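A quick write-up on the structure given underneath.
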Amino acid sequence: MSNRILLIEDDAATADFIAKGLGEEGFTVDRVDNGRDGLFHATDGGYDCIILDRMLPGIDGMGVLGGMRAAGVATPVIVLSALGSVEDRIKGLTSGSDDYLTKPFAFAELLARIRLLIKRGSAATAAPETVLRCQDLEIDLLARRVKRAGRAIELQPREFRLLEYLLRHAEQVVTRTMLLEGVWDYHFDPGTNVIDVHISRLRKKVDEGFGSPLLHTVRGVGYRLGKAG
Numbered sequence: 030m031s032n033r034i035l036l037i038e039d040d041a042a043t044a045d046f047i048a049k050g051l052g053e054e055g056f057t058v059d060r061v062d063n064g065r066d067g068l069f070h071a072t073d074g075g076y077d078c079i080i081l082d083r084m085l086p087g088i089d090g091m092g093v094l095g096g097m098r099a100a101g102v103a104t105p106v107i108v109l110s111a112l113g114s115v116e117d118r119i120k121g122l123t124s125g126s127d128d129y130l131t132k133p134f135a136f137a138e139l140l141a142r143i144r145l146l147i148k149r150g151s152a153a154t155a156a157p158e159t160v161l162r163c164q165d166l167e168i169d170l171l172a173r174r175v176k177r178a179g180r181a182i183e184l185q186p187r188e189f190r191l192l193e194y195l196l197r198h199a200e201q202v203v204t205r206t207m208l209l210e211g212v213w214d215y216h217f218d219p220g221t222n223v224i225d226v227h228i229s230r231l232r233k234k235v236d237e238g239f240g241s242p243l244l245h246t247v248r249g250v251g252y253r254l255g256k257a258g
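When the letters of the sequence shown are read in order and numbered with my numbering, they come out as residues 30 to 258.
Pasting the structure below:
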């Protein structure tokens with residue numbers, strides 16, 4: 030059964046772009062173009078994720094979000110907005126959204142964030158994983174051990190956290206913004222090469238000396254852990 034997405038977006042071109050892309054990825058998408066109808070559909074339930082534009086006619090996105098949460102609707106919400114300052118992002122996140130993506134955005138990043146929220150919701154009801162694997166790479170979260178092809182790999186704490194994040198999203202494209210938020214707890218870009226440095230170090234440890242590389246750069250988007258191609 031495909032995941033159901035509610036798209037609340039009043040800009041027709043943006044809505045067409047998102048709906049077409051999600052449809053091609055196998056999602057079922059319901060569309061509304063105003064806050065009042067959006068709140069009605071959101072509180073009706075049955076959705077795996079809601080994409081919510083912040084600037085809407087009728088009731089704005091923050092009003093929709095507040096109404097949903099007041100009604101006890103826990104469906105994960107990604108807020109889309111042209112308002113991208115740190116203060117705007119913090120307001121969106123503290124108002125009850127699960128993620129905040131500024132316009133313009135890459136569809137690959139929106140897709141990755143949707144899949145992450147849906148996966149996180151499913152994992153919340155399942156037993157926690159203690160061992161993560163991707164091909165011959167394995168990380169034991171309890172013992173804090175990493176092995177590839179049976180060979181132990183020593184990682185620094187931040188490298189361990191970075192690898193854990195990548196393994197939890199194996200075979201998926203992970204953007205730089207996602208890494209800043211998920212590994213460094215930054216909800217803004219510090220303007221440094223901290224990600225490049227840690228990815229380079231991690232790549233040397235998990236790829237050099239092994240048969241095929243697992244950590245790949247997706248040019249202009251981010252990184253992916255898994256098979257080539």
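Ideal placement from N, C-alpha and C gives every residue a C-beta, glycine not left out. Every value quoted in this text rests on a predicted model; they were computed, and no experiment measured them.
Distance between F136 and D39 (C-alpha atoms, nearest Å): Start at 1 with the first residue of the sequence shown, and residue 39 comes out as number 10. Start at 1 with the first residue of the sequence shown, and residue 136 comes out as number 107. Whole-angstrom Cα-Cα distance: 18 Å.
Nearest neighbour of V106, chosen from G90, Y252, T204 and S114 [CA to CA]: In the sequence shown, counting from the first residue as 1, residue 106 sits at position 77. Checked all of G90, Y252, T204 and S114; the closest Cα to V106 is G90.
Own chain, CB closer than 6 Å to D45, minus 5 neighbours either side, in chain order: Position 16 of the sequence shown holds residue 45. Taken in chain order, the list of residues that qualify is empty.
Nonlocal neighbours in the same chain, by C-beta distance under 8 Å from T57, ignoring five residues either side: The residue given as residue 57 occupies position 28 in the sequence shown. Excluding positions up to five away in sequence, the list reads S31, N32, R33 and I34.
As assigned by DSSP and simplified to three states, the class of I182: As a first step, residue 182 must be located in the sequence shown, where it is residue number 153. It is a strand residue.
Touching by the beta-carbon criterion (3+ pairs, under 8 Å), the segment 205–224 and the segment 178–186: no
Rounded separation between G52 and K132 - CA only: As a working mapping, residue 52 is identified with position 23 in the sequence shown. As a working mapping, residue 132 is identified with position 103 in the sequence shown. About 20 Å.
Within 8 Å, strictly: CB atoms of H284 and R118: Lying outside 30 to 258, the shown extent of the chain, residue 284 is not represented and no answer is given.
Cut-off 7 Å between Cβ atoms - residues of its own chain near C307, not counting five sequence neighbours on either side: Because the chain here runs from 30 to 258, residue 307 falls outside it and cannot be looked at.
Coil, strand or helix - H216 by DSSP: Here the question's residue 216 lines up with position 187 in the sequence shown. H216 falls in the coil class under three-state DSSP.
The segment 90–99 touching the segment 62–80, judged by at least three CB pairs closer than 8 Å: yes
Cβ-based neighbour list, V247, same chain, cut-off 7 Å, excluding 5 preceding and 5 following: Here residue 247 refers to the residue found at position 218 when the sequence shown is read from its first residue. Around V247: V202 and R253.
Given V108 as reference, the closest of A99, E116, D127 and V102 once Cα atoms are compared: Numbered from its first residue, the sequence shown carries residue 108 at position 79. Among A99, E116, D127 and V102, the Cα nearest to that of V108 belongs to D127.
For L208, the nearest candidate out of K233, G251, S241 and F134 (CA to CA): The residue given as residue 208 occupies position 179 in the sequence shown. Closest option to L208, Cα to Cα, is G251.
Beta-carbon separation (whole angstroms), G87 vs G64, contact threshold 8 Å: For the purposes of this step, residue 87 is taken as residue 58 along the sequence shown, with counting starting at 1. For the purposes of this step, residue 64 is taken as residue 35 along the sequence shown, with counting starting at 1. The Cβ separation is near 4 Å, so the contact holds.
Beta-carbon contacts of E167 that lie in its chain and below 6 Å, excluding the five residues immediately before and after: On the sequence shown, position 138 is the one that residue 167 refers to. Here the set comprises K176.
Straight-line gap, A9 to E54 (C-alpha atoms, nearest Å): Outside the displayed range of the chain (30 to 258) lies residue 9, so it cannot be described from this structure.
Any beta strand (DSSP E) of 3 or more consecutive residues that is wholly inside the segment 87–137: 106–110 and 128–131
Cα-Cα separation, A155 to I147: As a working note, residue 155 is residue 126 in the sequence shown. As a working note, residue 147 is residue 118 in the sequence shown. Caution is warranted here: a pLDDT of 49 is assigned to A155, below 50, making its placement in the model unreliable, and the coordinate value is therefore given only provisionally. One C-alpha to the other measures close to 13 Å.
Run of the alpha helix (DSSP H) containing E167, from where it starts to where it stops: Counting from one through the sequence shown, the residue named residue 167 turns up at place 138. Segment L166 to D169 is the beta strand (DSSP E) holding E167; no alpha helix (DSSP H) there.
C-beta contact flag for V212 and R190 at 8 Å: Residue mapping note: residue 212 aligns to position 183 of the sequence shown, counting from 1. Residue mapping note: residue 190 aligns to position 161 of the sequence shown, counting from 1. In contact: V212 and R190 (Cβ atoms closer than 8 Å).
Check whether V259 and I37 have beta carbons under 8 Å apart: Past the edges of the chain, shown from 30 to 258, lies residue 259, and the structure says nothing about it.
DSSP beta-bridge partners of T204: If you number the sequence shown from 1, residue 204 lands on position 175. Per DSSP, G251.
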